[in-house]
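Okay, so here's the structure we're looking at.
Residue numbers (the working numbering), protein chains in the order written: chain A, 94 to 523; chain B, 94 to 523.
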């Protein structure tokens with residue numbers, strides 16, 4: 094299944110504060126509902142302030158009433174943060190289920206050596222004790238400054254307070270507690286039917302905008318009350334993460350802490366979802382919708398960003414080449430600054446495709462900004478500069494590049510590069 | 094031969110306006126002299142205004158009194174500008190020599206299709222006629238706006254005027270005529286002895302700062318009066334370009350027009366340079382010195398740049414991995430903004446090495462900013478924040494990353510990322 098297949102309609106409301114509207118998505122077999130990660134049955138959440146950051150909520154708990162099958166995807170960065178190392182070990186030791194996830198913001202617990210590992214394990218043990226569950230039922234996550242030790246007294250105090258605060262409308266509190274330089278919280282939920290029963294998928298996420306004080310981290314935590322075996326859950330989740338969170342870029346910097354999880358607790362009481370069935374397709378489409386929409390929220394909320402840019406590459410020989418070309422354009426500082434300045438400087442896009450490493454014939458390329466034709470084959474320059482500028486002045490821009498040499502395609506999302514990005518990231522760690 | 098071998102001493106005078114000082118470089122077997130590309134015997138040059146740009150000089154000619162063996166290296170971008178396509182054809186047809194190079198700024202003649210190819214061939218024909226030489230003795234080069242046709246009447250008029258204006262002190266005029274958003278012209282020459290005779294290498298270059306109106310292009314033209322066969326010249330030049338111009342980055346965007354040439358006309362009358370000899374070592378070291386220094390001038394003069402940053406990776410398993418890690422750090426917007434803001438945010442450097450794709454153990458890494466230790470093995474954080482900030486406030490910063498897992502090393506040069514970069518590149522094509 095590719096991104097294309099879902100026919101994502103409706104543009105992103107870039108400034109949504111995380112509250113979702115209940116509406117049907119055209120012909121899609123699911124619709125958005127309120128409630129975020131606590132929309133699925135049997136999930137509760139909380140977010141509170143424990144003193145890691147200066148003011149805002151900085152620690153969150155996501156809890157399932159019963160052990161939930163869990164899928165997880167982690168950063169490929171070789172410089173791994175302590176919580177990521179610990180989580181991988183827990184998942185290997187456990188039986189593929191997870192009951193509770195604790196996340197702190199304000200400190201990434203990365204590049205912290207032995208002390209950092211000790212602190213991460215303390216987070217696990219304290220969570221297990223506070224909830225009276227095995228350690229292997231816990232996942233932890235951290236985001237924030239790199240190279241500084243966690244204030245463990247505060248963290249432990251937070252972990253001990255969380256269990257009494259979880260509730261079935263705690264999603265937004267949790268979404269707020271995991272924010273760093275995000276300007277708004279990101280949450281979403283959808284509902285669909287499996288075997289006549291309503292089933293839900295919810296998610297919260299935080300931004301990849303690299304963070305003052307320090308470190309970008311892209312985190313996403315999803316929940317569902319669907320019944321689905323762990324191997325299929327992991328396979329589906331990993332594939333769809335690859336087509337959503339792995340296709341956004343704010344500045345091309347990959348974090349030491351990136352992670353995404355999906356807990357499936359089966360409490361909707363619907364039939365088990367099996368691969369290759371109609372039900373699996375519905376589940377996958379709904380999951381993809383949530384992941385792509387959260388990913389787009391992150392791209393739009395990139396540090397200093399004022400626009401959401403969708404890069405569509407069509408006519409590629411392989412999907413991988415389409416992704417490669419799209420990523421190259423999405424990461425080009427020149428393209429991103431031109432978009433910021435509403436300068437429809439199309440040559441930079443062709444140059445970025447040119448150095449992406451894919452093999453293609455530049456003379457075959459056509460280019461569109463939204464619906465406006467810019468370049469036809471054989472370098473037929475048809476740009477109307479005034480109209481192109483109008484497109485680039487919009488908040489949502491789609492750049493479509495047709496390589497005209499195959500039938501594969503891919504989408505990628507990015508934002509513009511502004512002086513504000515430089516301002517945020519040049520300023521000293523608080 | 095690696096960059097290390099030359100023991101480059103002396104820091105770059107970042108604000109040099111291209112005038113060079115005659116001084117001995119410690120124990121090096123060469124010294125800087127004035128004269129740029131016209132320092133070598135038998136080379137003349139000119140630069141004048143022909144009306145491609147709004148005001149400044151926009152067309153240059155570099156001429157050898159006799160056909161010179163020529164080495165050339167071109168961009169790897171698949172979107173090739175017309176002059177690059179034409180040059181490749183000329184070099185294939187000819188007998189490896191070049192008498193005249195014509196370069197215009199203000200227009201890249203890229204993404205211009207058939208008309209662009211026609212215009213490029215006209216430049217070749219007009220140059221050949223004006224100098225009464227075969228077309229295969231000509232190389233052309235363009236830099237500036239992409240996707241616009243050259244104003245050929247002005248270009249032809251410029252080409253016809255140039256031959257009467259070349260002189261043996263025309264290097265700086267040529268260096269100025271090839272500038273785009275460069276804030277100062279870049280030229281350099283060195284002298285050394287081969288068989289008791291003085292031999293010279295000179296060069297001019299223009300910046301890789303991506304250019305308002307449009308397109309970055311990194312161009313370098315070098316001359317020498319050494320006697321050296323073309324295959325050895327090409328091999329040596331390509332290798333040293335790889336360790337100089339291919340190791341700088343302003344924003345990671347690769348141009349459609351990048352090229353570098355080295356003409357060797359033999360007019361010093363010195364013995365022929367043969368591979369594996371002491372003379373070859375001297376020649377290579379002198380050539381590397383010129384290339385690295387020009388490359389550093391370009392990095393320092395990146396658009397909006399206020400600092401020159403040298404990334405040194407040591408202790409790598411292979412040189413290629415050292416380059417890969419260094420490039421990743423040099424291209425990191427997060428590292429570059431932190432340096433701009435003098436925030437010694439070392440975690441971003443480890444993260445950038447972490448996602449570079451090389452295999453390494455983060456716990457073995459040590460880090461230095463200039464001479465100041467920042468990180469010892471096993472995440473021993475020894476940074477003195479006040480002193481580290483002092484280092485980052487300097488105009489020349491060296492970041493040394495020791496992977497401690499091998500004995501290979503590499504250098505890479507970059508600049509900081511400022512709001513001015515965004516300002517320059519967000520503004521409309523003039």
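Even for Gly, the Cβ is constructed at its ideal location relative to N, Cα and C.
{"Asked": "Please list, in chain order, the chain B residues whose beta carbon lies closer than 7 Å to that of residue 430 of chain A.", "Found": "515, 518, 519"}
{"Asked": "Which residues of chain A have a Cβ atom closer than 8 Å to the Cβ of residue 170 of chain B, listed in chain order?", "Found": "444, 447, 448"}
{"Asked": "Taking the straight line between their C-alpha atoms, what separation do you get for residue 262 of chain A and residue 137 of chain A?", "Found": "7 Å"}
{"Asked": "Between the beta-carbon of residue 293 of chain A and the beta-carbon of residue 505 of chain A, is there less than 9 Å?", "Found": "no"}
{"Asked": "May I ask you to report which of helix, strand or coil DSSP gives residue 447 of chain A?", "Found": "helix"}
{"Asked": "Buried or exposed: where does residue 212 of chain B fall if 16 or more other Cβ atoms within 10 Å of its Cβ makes it buried?", "Found": "buried"}
{"Asked": "Regarding residue 271 of chain B and the ligand ATP, is the C-beta to nearest heavy atom distance less than 8 Å?", "Found": "For the ligand ATP, the structure offers nothing, since it holds no ligand at all."}
{"Asked": "Output yes or no for whether 9 Å exceeds the beta carbon distance between residue 240 of chain A and residue 432 of chain B.", "Found": "no"}
{"Asked": "Label residue 470 of chain A either buried or exposed according to how many other C-beta atoms from any shown protein chain fall within 10 Å of its C-beta, with 16 as the threshold for buried.", "Found": "exposed"}
{"Asked": "How about residue 508 of chain B: is its C-beta nearer than 9 Å to some C-beta of chain A?", "Found": "no"}
{"Asked": "Within its chain, find whatever has a CB closer than 6 Å to the CB of residue 228 of chain B; leave out the 5 residues flanking it on each side and keep chain order.", "Found": "217, 221"}
{"Asked": "Output needed for residue 515 of chain A: all residues of its chain with C-beta closer than 6 Å, excluding positions within five of it in sequence on either side, in chain order.", "Found": "none"}
{"Asked": "Under 7 Å Cβ to Cβ from residue 461 of chain B, same chain only, skipping five residues before and after it: list those, please.", "Found": "467, 493"}
{"Asked": "So residue 322 of chain A and residue 299 of chain A are supposed to be a Cβ contact under 8 Å. How far apart are they, rounded?", "Found": "Their Cβ separation, rounded to whole angstroms, is 29 Å, which puts residue 322 of chain A and residue 299 of chain A out of contact at 8 Å."}
{"Asked": "Using a Cβ cut-off of 9 Å (strictly closer), state whether residue 441 of chain B contacts chain A.", "Found": "yes"}
{"Asked": "Between the alpha carbons of residue 175 of chain B and residue 236 of chain B, how many angstroms are there, rounded?", "Found": "11 Å"}
{"Asked": "For residue 473 of chain A, name the three-state secondary structure that DSSP assigns.", "Found": "strand"}
{"Asked": "Can you tell which of A:224, A:186, A:168, A:162 has the C-alpha that lies nearest to the C-alpha of residue 203 of chain A?", "Found": "A:168"}
{"Asked": "I want to verify the contact list: residues of chain B whose CB lies under 8 Å from the CB of residue 410 of chain A, in sequence order.", "Found": "None at all; the shortest Cβ gap to chain B is about 13 Å."}
{"Asked": "Do residue 281 of chain B and residue 352 of chain B have their beta-carbon atoms positioned less than 9 Å apart in this structure?", "Found": "no"}
{"Asked": "Determine whether the Cβ of residue 453 of chain B lies closer than 9 Å to any Cβ atom of chain A.", "Found": "yes"}
{"Asked": "Using 8 Å as the Cβ pair cut-off and three pairs as the minimum, do the stretch 148-155 of chain A and the stretch 399-412 of chain A touch?", "Found": "no"}
{"Asked": "Less than 8 Å between the CB atoms is what I'm expecting for residue 123 of chain B and residue 379 of chain B, so what's the real figure, rounded?", "Found": "4 Å"}
{"Asked": "Within its chain, find whatever has a CB closer than 8 Å to the CB of residue 247 of chain B; leave out the 5 residues flanking it on each side and keep chain order.", "Found": "143, 144, 145"}
{"Asked": "Any beta-carbon of chain A closer than 9 Å to the one on residue 511 of chain B?", "Found": "yes"}
{"Asked": "Skipping 5 residues on each side, what residues in its chain have a beta carbon closer than 6 Å to that of residue 425 of chain B?", "Found": "445"}
{"Asked": "Among A:479, A:140, A:284, A:166, whose alpha-carbon lies nearest the alpha-carbon of residue 252 of chain A?", "Found": "A:140"}
{"Asked": "In the DSSP output, what is residue 391 of chain B paired with across the bridge?", "Found": "Paired residue(s): none; residue 391 of chain B is not in a bridge."}
{"Asked": "Consider the Cβ of residue 486 of chain A: report whether some Cβ of chain B lies at a distance smaller than 9 Å.", "Found": "no"}
{"Asked": "Look at the Cβ atom of residue 342 of chain A, then the Cβ atom of residue 507 of chain A, and state whether they are nearer than 9 Å.", "Found": "yes"}
{"Asked": "Shorter than 9 Å from the beta carbon of residue 427 of chain A to some beta carbon of chain B?", "Found": "yes"}
{"Asked": "Could you tell me the alpha carbon to alpha carbon distance between residue 306 of chain B and residue 200 of chain A, rounded to whole angstroms?", "Found": "Residue placement at residue 306 of chain B is poorly supported in this model, since its pLDDT is 27, which falls under 50; the coordinates are not used for a value here."}
{"Asked": "Does any C-beta atom of chain A lie closer than 9 Å to the C-beta of residue 275 of chain B?", "Found": "no"}
{"Asked": "Check this for me: beta carbons of residue 231 of chain A and residue 183 of chain A, under 9 Å apart or not?", "Found": "yes"}
{"Asked": "Would you say residue 205 of chain A reaches chain B, if we count a Cβ-Cβ gap shorter than 9 Å as a contact?", "Found": "yes"}
{"Asked": "I need the straight-line Cα distance from residue 260 of chain A to residue 128 of chain A, nearest angstrom please.", "Found": "11 Å"}
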